[in-house]
Amino acid sequence: MIRKVGLFLGMTFAINWLMAGMFWALGGKWNTPSSMIIGVLYMFIPAICVVIVQKGIYRQPLKLPLGISLRLNRWFLVAWFLPLILSLASMGVGLLLPDISFSPDASGFFERYSSILPPEKLEEMRRQMDKMPINPIWLSLIQGLIAGVTINAVAAFGEELGWRGFLQMELSGMGFWKSSLLIGLIWGIWHAPIILQGHNYPQHPVMGVLMMTIFCLLLGPIFSYIRVKSRSVIAAAVTHGSLNGTAGISILLLKGGSDLTVGLFGLSGFIILALTNLILFLAWRHGGDDLAFPDVIRGAT
1 MIRKVGLFLG
11 MTFAINWLMA
21 GMFWALGGKW
31 NTPSSMIIGV
41 LYMFIPAICV
51 VIVQKGIYRQ
61 PLKLPLGISL
71 RLNRWFLVAW
81 FLPLILSLAS
91 MGVGLLLPDI
101 SFSPDASGFF
111 ERYSSILPPE
121 KLEEMRRQMD
131 KMPINPIWLS
141 LIQGLIAGVT
151 INAVAAFGEE
161 LGWRGFLQME
171 LSGMGFWKSS
181 LLIGLIWGIW
191 HAPIILQGHN
201 YPQHPVMGVL
211 MMTIFCLLLG
221 PIFSYIRVKS
231 RSVIAAAVTH
241 GSLNGTAGIS
251 ILLLKGGSDL
261 TVGLFGLSGF
271 IILALTNLIL
281 FLAWRHGGDD
291 LAFPDVIRGA
301 T
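With our numbering applied, the sequence shown corresponds to residues 1 to 301, in that order.
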């Protein structure tokens, strides 16, 4: 197991970090169209490495052990809507922090990105929002949910097949919490090269590496819980896709603060994720079974 996991992680980190390094060395800038392409490709590398290791090298099946199942159940709905609930809740917590206020016209959003994006880009975004046929907030919410269960979920599957598919299976003998937290730690560190270039924490890229690692540690058990309950890594991909589509709402209506304090990726989000983990801990202690956990993950029960 250790050798197999090490092979997967070594291959994944080497390819991904090389990609990010080459993008930076060639003068690439984050939050540009080219970085979006790199970001999507970055997400598919874990899945490609899983196929190489699991199928190509070890000659083992993919579908059942890795939870590749489209057998729909109520947990797919939870997977779809939970990130939006977490995002809105983190916005509520953000309003309790000092010097944070409600900004229904999204002026706080533009103020926050004024030091990152060029003025002409910000002005173009303002004009686009003014021309929208419905309130931009509602449009962002609808678009985020639709993207979350479609195109975002497809891209997120590239990651989730590696994290909640392969690693969750291989590390299942550690039990739910230990394996989920370890996967979260790995997942957070994996993001480091693109965080340093401005992904998710454009105002604080260096501190953002630590913040993203904490974020993934807190988010890991939530994704894993949905993976277990749904019996499908695809549900975890839907959760991931929906989060990527709706997390921006948590800062769109807030004025003040920074990417370290507000939004789902900031302090307010960490508080909500920590409370969610507490609920999951109590739920797992009440109805979970670490002895049966490896069999559940492998699809045996």
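Positions of the beta carbon are idealized from the N, C-alpha and C atoms, including for glycine.
- In the three-state DSSP reduction, SER90 falls in the helix class (H, G or I).
- Between LEU218 and GLY245, the C-beta spacing is not below 9 Å.
- Taking a 10 Å sphere around the C-beta of VAL149, we find 16 or more other C-beta atoms and assign the residue as buried.
- Burial is judged here by how many other beta carbons sit within 10 angstroms of a residue's own beta carbon; ALA274 has fewer than 16 and is exposed.
- When Cβ pairs closer than 8 Å are counted between the two stretches, the segment 101-112 is seen not to touch the segment 63-76, the count staying below three.
- Between PHE270 and TRP177, the C-beta spacing is not below 9 Å.
- Straight-line spacing of the CA atoms in ILE57 and MET129 works out to 50 Å.
- For HIS240, the uninterrupted alpha helix (DSSP H) run begins and ends at 233-246, by DSSP.
- Taking one beta carbon from each stretch, the segment 233-248 and the segment 78-89 have 3 or more pairs nearer than 8 Å; the two touch.
- Collapsing the DSSP output to three states places LEU254 in a strand.
- Judged by beta-carbon spacing, THR276 lies beyond the 9 Å limit of SER268, meaning their Cβ atoms are not closer than that value.
- Assigned with DSSP and collapsed to three states, PHE13 falls in helix.
- In the assembly as shown, ALA14 is an exposed residue. Its beta-carbon has fewer than 16 other beta-carbons within 10 Å.
- Distance between LEU88 and ASP259, taken at the CA atoms: about 16 Å.
- Counted as a single uninterrupted DSSP element, the alpha helix (DSSP H) harbouring TYR42 occupies residues 33-50.
- By the criterion of at least three beta-carbon pairs nearer than 8 Å, the segment 197-210 is not in contact with the segment 125-140.
- The alpha-carbon separation between ILE279 and PRO118 amounts to approximately 42 Å.
- DSSP lists LYS255 as the bridge partner or partners of SER101.
- Just measuring C-alpha positions, the residue of GLU123, GLY256, ARG227 and LEU96 sitting nearest GLU160 is ARG227.
- For ILE222, the secondary structure class from DSSP, reduced to helix, strand or coil, is helix.
- Here DSSP, grouped into helix, strand and coil, assigns VAL149 to helix.
- Counting along the chain, the unbroken alpha helix (DSSP H) around ALA283 starts and ends at 267-287.
- Between the C-alpha atoms of PHE157 and VAL233 there is a straight-line separation of about 8 Å.
- Across the set VAL50, ARG59 and LYS29, the C-alpha of VAL50 shows the shortest separation from the C-alpha of GLY67.
- If you look at TRP190, you'll find it in the alpha helix (DSSP H) that goes 176-190.
- Within the model, the alpha-carbon separation for SER250 versus VAL209 is close to 20 Å.
- Contact check for ARG298 against MET169 passes: the beta carbons are separated by less than 9 Å.
- Taking the Cα positions, SER224 is about 38 Å away from PRO133.
- Contact annotation, GLN54 with LEU62: C-beta distance approximately 6 Å; criterion of less than 8 Å satisfied.
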